[in-house]
Amino acid sequence: MKIYNFDLLAYPHVPKEAPRTPVPSSYFDPLKGAANYNEHLEEMIHCEELGLDGVVFNEHHYSAYGTMPSPNLIAAALSQKTKRIKIGVLGNILPLRNHPVRVAEEYAMIDCLSGGRLIAGFVRGIPPEYIWYGVNPAESRGRFEEAYELIMTAWTQPVWSYEGKFFQLKDCAIWPRPLQQPYPPIWIAARSAESIEWCVKRHLPTAQVYQTTAQIEDTFNYYRKVARDEGWEAAPNDFILCRHIYIDEMDKKAQEIAEPAMRYFFTVFNRGFNEAINKGAVDQRLVAALTTERSFNYFREGNRERRDFSKLDWDGLISTGYLIAGNPDTVARQILDQMKQIGAGHFMGMFHIGNLHHDKVISSLNLFKKEIMPRLQ
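When we follow our numbering, the leftmost residue of the sequence shown carries the number 9, and every step to the right adds one.
Set out below in structure tokens:
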């Protein structure tokens, strides 16, 4: 099993009285924000010292939920602060990027700077980001797939041209090329039937996070079915599970620390994204434009509803699998149970939950290294 730290880099100082959607940027204190960036970088660097396989982060906009509008900057910084650990960006939001050539160039540069340690991730993003960026979500899939094709062409052809609906280029050659040839490992965050099928046709691993364990099992089983239909068998390394995680010496103490951090996370997550949809700030038609009627039909009966995890109590958070927390024995059991149920080969732990204090993140990581990693490897 490969083990990673996945970091959303949430801003930890949004007060309860702040407006709901959007949260004005006046609530971002630059001094506190700078300190937050440095603490998260320290945690990522510490992961190398502890022997984790990688650190992974993503791209989000207009929200305290994830203050990494440019994850490539974090990747570049980490490339100079670490020597061994894999650096995963999951991922660049291709439909919102002005040009995929820039993504191909930056990823290639990060791969060279890091000595060939990049995991290159691509995602489509979420509905509110489209409306706030002024991009038609109905074009999301087309833009994503075309951008991916263009990036693959740029990485594998010395001189190339491209003629698509959204991008047209002639006689191009990117500099630099990735150190990992022909290109870095690629991960995709995919959930809908169409996205899973697209990944399978390209033999690309897929990552899952905000679903119940049963829903993720359905998603991965659908991937396996499509792969068999395509004439190949999916392996554990084709699947990545991501979960919030906190370890303390006792279960009760873990709950006392992790539950408030999860509640804070729900607050900034809902303000940034869910409430933008649910309260009408983002037209439901724009949300629907990102999917089709068959997008989630592979879910078994009872797995099709989107669960509002902000309303779950502690037992609900644990039983659905959204959160893994407790003493080392409890946490090891929860990880192994979920990984066995879904058949994944990669585990990403979100060790920094919401506004969890930096010292608690470090202590949780240390316990994970000492008490849990030996049982997983």
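Glycine included, every Cβ here is placed at the ideal spot set by N, Cα and C.
Run of the beta strand (DSSP E) containing residue i, from where it starts to where it stops
i       : result
Phe-274 : Element bounds for Phe-274: not the beta strand (DSSP E) but the alpha helix (DSSP H), 259-277.
Met-347 : Premise fails: Met-347 lies in the alpha helix (DSSP H), 336-350, not in any beta strand (DSSP E).
Ala-197 : 194-197
Bounding residues of the alpha helix (DSSP H) (the contiguous stretch that carries residue i)
i       : result
Ala-112 : 108-121
Ile-251 : A small correction: the amino acid at residue 251 is Arg; Ile does not occupy that position in the sequence shown. Here Arg-251 belongs to no alpha helix (DSSP H); instead the beta strand (DSSP E) covers 247-255.
Ala-242 : Unbroken run through Ala-242: none, as it is neither H nor E.
Gly-124 : Gly-124 -> no alpha helix (DSSP H), and no H or E assigned at all.
Ile-326 : 322-328
Glu-202 : 201-209
Met-381 : 381-384
Residues near residue i in its chain [Cβ-Cβ closer than 6 Å; skip 5 each side]
i       : result
Ala-262 : Tyr-254, Asp-256, Ala-333, Gly-334
Lys-178 : Ser-169
Trp-206 : none
Arg-251 : Ile-332
Leu-325 : Leu-331
Phe-14  : Val-64, Cys-250, Met-356, Met-358
Lys-377 : Leu-58
Thr-328 : Thr-220
Ile-182 : Ala-112, Glu-113, Ala-162
Asn-245 : Gly-353
Distance between beta carbons of residue j and residue i, contact taken as under 8 Å
i       : j       : result
Gln-346 : Thr-221 : 5 Å
Ala-26  : Tyr-35  : 5 Å
Phe-130 : Leu-158 : The Cβ separation is near 12 Å, so there is no contact.
Thr-214 : Ala-198 : 5 Å
Arg-308 : Asp-226 : 6 Å
Ile-127 : Gly-62  : 7 Å
Arg-105 : Ala-155 : 7 Å
Gly-353 : Lys-10  : 6 Å
Ala-242 : Ile-361 : 30 Å between Cβ atoms; not a contact.
Tyr-230 : Ile-204 : 6 Å
Arg-302 : Ala-201 : 6 Å
Ser-71  : Val-276 : 7 Å
Glu-67  : Asn-100 : 6 Å
Trp-195 : Ala-112 : Actually they are not in contact, since the Cβ atoms of Trp-195 and Ala-112 sit about 16 Å apart, beyond 8 Å.
Glu-267 : Trp-322 : 6 Å
Leu-373 : Cys-55  : 7 Å
Residues near residue i by beta carbon distance below 7 Å, same chain, minus five either side
i       : result
Arg-312 : Phe-304
Pro-184 : Ala-116, Met-117, Cys-120
Leu-17  : His-48, Phe-65, Gly-74, Thr-75, Met-76
Leu-60  : Ile-11, Tyr-12, Asn-13, Ile-93
Gly-124 : Leu-187, Gln-188
Leu-294 : The predicted position of Leu-294 is uncertain, since its pLDDT is 47 and thus under 50; no value can be drawn from it.
Val-143 : Pro-103, Leu-104
Ala-84  : Ile-118, Leu-121
Residue i in three-state terms, based on DSSP
i       : result
Leu-373 : helix
Tyr-19  : coil
Val-234 : helix
Asp-387 : Past the boundaries of the shown model lies residue 387; the chain is included only from 9 to 385, so the question cannot be answered.
Met-358 : strand
Tyr-138 : helix
Val-131 : strand
Phe-307 : coil
Thr-214 : strand
Gln-363 : According to the sequence shown, residue 363 is Asn rather than Gln. Correct three-state label for Asn-363: coil.
Asn-144 : coil
Ala-289 : Because Ala-289 carries a pLDDT of 46, less than 50, the predicted location of this residue cannot be relied on, and the following value inherits that uncertainty. In this structure, Ala-289 counts as coil in the three-state DSSP scheme.
Lys-378 : helix
Proximity test, Cβ basis, 8 Å: residue i and chain C
i       : result
Leu-320 : Chain labels in this structure do not include chain C; a single protein chain is all it has.
Sequence-distant residues of its chain with Cβ nearer than 8 Å to residue i (five each side left out)
i       : result
Leu-344 : Arg-383, Leu-384
Ile-53  : Leu-86, Lys-89, Thr-90
Asn-80  : Val-97, Asn-100, Glu-114, Tyr-115, Ile-118
Check: Can you list the beta strand (DSSP E) stretches of 3 or more residues lying completely in the region 149-190, in chain order?
Finding: 168-171, 176-180
Checklist line | Runs of alpha helix (DSSP H) lying entirely within the region 20-100, each at least 4 residues, in chain order | finding: 38-58, 79-89
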